[in-house]
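Comments concern the structure below.
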Amino acid sequence: MALPTERITDDSNLVSALQAGDQQAFHQAVREFSPGMLAVARYYLDPSSAEDVVQETWVNVVEAVKKFEGRSGLKTWLHRIVANRCKNRLRTANREVSSEFGEALEPGIASRFESGGRWATPPRLRLEEHAELLMENGALNDCLDKHLSALPEQQRSAVMLYEAHQHKAEDVCNILDISASNLRVLVHRARQKIYLMVEDFQETGEC
Amino acid sequence: MLMCRDLARIGSDYIDGQLSTADNFSVKMHLLMCRHCRSFIGNLRESAQLMKGHADYHLYEEYLRRLESSIDEALKG
């Protein structure tokens, strides 16, 4: 029976193992990096095509990683490859990503001001006072997952790359081919949606 | 003068340190005087924190195994 291999925690050791064609290292990398790669692909393509592109990318990476020089992090490198493959697909099909970035304020927040610009319906709760309790609330976590899944695909991809994968804004803009100000709108709108969801959940106990 | 609605529009820029020095100062002055906006900014910051731990795809096992199989094939050359 094969001994269980240890997880490689250091990025450069992982790269070396991938370059040496270590199967376990590839399996680890698949589980670690595929969610983010899919977030990139879903920004450009429908869910099924996005899954195909991530699969094609991994097959391509088996050879391409041997030439990886570490000028960017491994994650950023993988995300850029996925983005380029998606853009090539769109180009071949003569299609473009339709971009609708809109207003900075969510309608649910915008409607809470009086005409002069002061709060008519001010924030009802201070979430920061409940932060730890919020994180431990299973029902709220489920509700959060549900609302994040319901975000428009572009908002969701931007938020995943910026918030969950901790990419620098500049990298997200490069990967998704958007301006810094458009990224700001996508992230700000998503945060407001989650804020409104938590406020509502806290008040009604319903998702 | 910066109004509450203006501040709400640029709330994430403030949280992420993306504002110019002058705009950052205006927001700080406004926050000193307005408890509603202090709540709004605090809530927005918490919302960002909540998303950090959640905003990721949960990939199903079958798909992950499919990815691993295609890599195994490619490794065999």
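Those protein sequence lines, which keep their order, are chains A and B.
The first sequence runs contiguously to residue 207 in UniProt numbering.
The second sequence runs contiguously to residue 77 in UniProt numbering.
For every residue, glycine included, the Cβ atom is placed at its ideal position computed from N, Cα and C.
Just so we're clear, the structure is a prediction, and the values are computed from it rather than from any experiment.
How should Leu3(A) be labelled, buried or exposed, when 16 other C-beta atoms within 10 angstroms of its C-beta is the threshold for buried? Here residue 3(A) refers to the residue found at position 3 when the first sequence is read from its first residue. Bear in mind that a pLDDT of 48 at Leu3(A), under 50, signals an unreliable position, so the model cannot answer this.
Asn94(A) versus Asn84(A) - alpha carbon distance: Here residue 94(A) corresponds to residue number 94 of the first sequence, with the count starting at 1. Here residue 84(A) corresponds to residue number 84 of the first sequence, with the count starting at 1. Spanning the two alpha carbons is a distance of roughly 15 Å.
Beta-carbon gap between Val59(A) and Ser70(B) smaller than 8 Å: On the first sequence, residue 59(A) is found 59 positions in, with the first residue counted as 1. On the second sequence, residue 70(B) is found 70 positions in, with the first residue counted as 1. Yes.
Neighbouring residues, chain B, relative to Arg118(A) (Cβ below 7 Å): By one-based count along the first sequence, residue 118(A) stands at place 118. The contact set of Arg118(A) on chain B, defined by CB atoms closer than 7 Å, consists of Met3, Cys4 in chain order.
is_contact[Asn33(B), chain A] using C-beta, thresh 8 Å: Position 33 of the second sequence holds residue 33(B). A small correction: the amino acid at residue 33(B) is Met; Asn does not occupy that position in the sequence shown. Not one chain A Cβ lies under 8 Å of Met33(B).
Sequence ranges, alpha helix (DSSP H) only - wholly within the region 9-49 of chain B, length at least 4: 11-15, 21-33
With 9 Å as the C-beta to C-beta threshold (strictly closer), list the residues of the region 72-95 of chain A near chain C in chain order. Absence of chain C from the displayed structure is noted, the protein chains being A and B.
On the premise that Leu44(B) lies in contact with Arg38(B), defined as a C-beta separation below 8 Å, what is that separation, rounded to the nearest angstrom? Within the second sequence, the letter at position 38 stands for residue 38(B). Within the second sequence, the letter at position 44 stands for residue 44(B). In fact, because the Cβ distance is near 11 Å, the residues do not count as touching under 8 Å.
Along chain B, which residues have their Cβ under 9 Å away from the Cβ of His188(A)? Position 188 of the first sequence, counted from the first residue, corresponds to residue 188(A). Neighbours of His188(A) on chain B, chain order: Arg9, Ile10, Gly11, Ser12, Asp13, Leu44.
Nearest-angstrom Cα distance between Ile10(B) and Ile194(A)? Mapped onto the second sequence, residue 10(B) falls at position 10. Mapped onto the first sequence, residue 194(A) falls at position 194. The straight-line gap from Cα to Cα measures roughly 16 Å.
Out of curiosity, what's the CA-to-CA distance linking Phe40(B) and Asp13(B)? Within the second sequence, residue 40(B) is the residue found at index 40, counting from 1. Within the second sequence, residue 13(B) is the residue found at index 13, counting from 1. For Phe40(B) and Asp13(B), the distance between alpha carbons rounds to 13 Å.
Check whether the region 57-66 of chain B and the region 15-25 of chain B touch, using three or more Cβ-Cβ pairs below 8 Å as the test. no
With three or more C-beta pairs closer than 8 Å as the rule, is the region 10-22 of chain A touching the region 65-76 of chain A? By the Cβ rule, the region 65-76 of chain A counts as touching the region 10-22 of chain A, because three or more pairs are nearer than 8 Å.
Per-residue burial, Leu78(A) [other beta carbons within 10 Å of its own, 16 or more giving buried]: In the first sequence, the residue the question calls residue 78(A) occupies position 78. Leu78(A) should be labelled buried.
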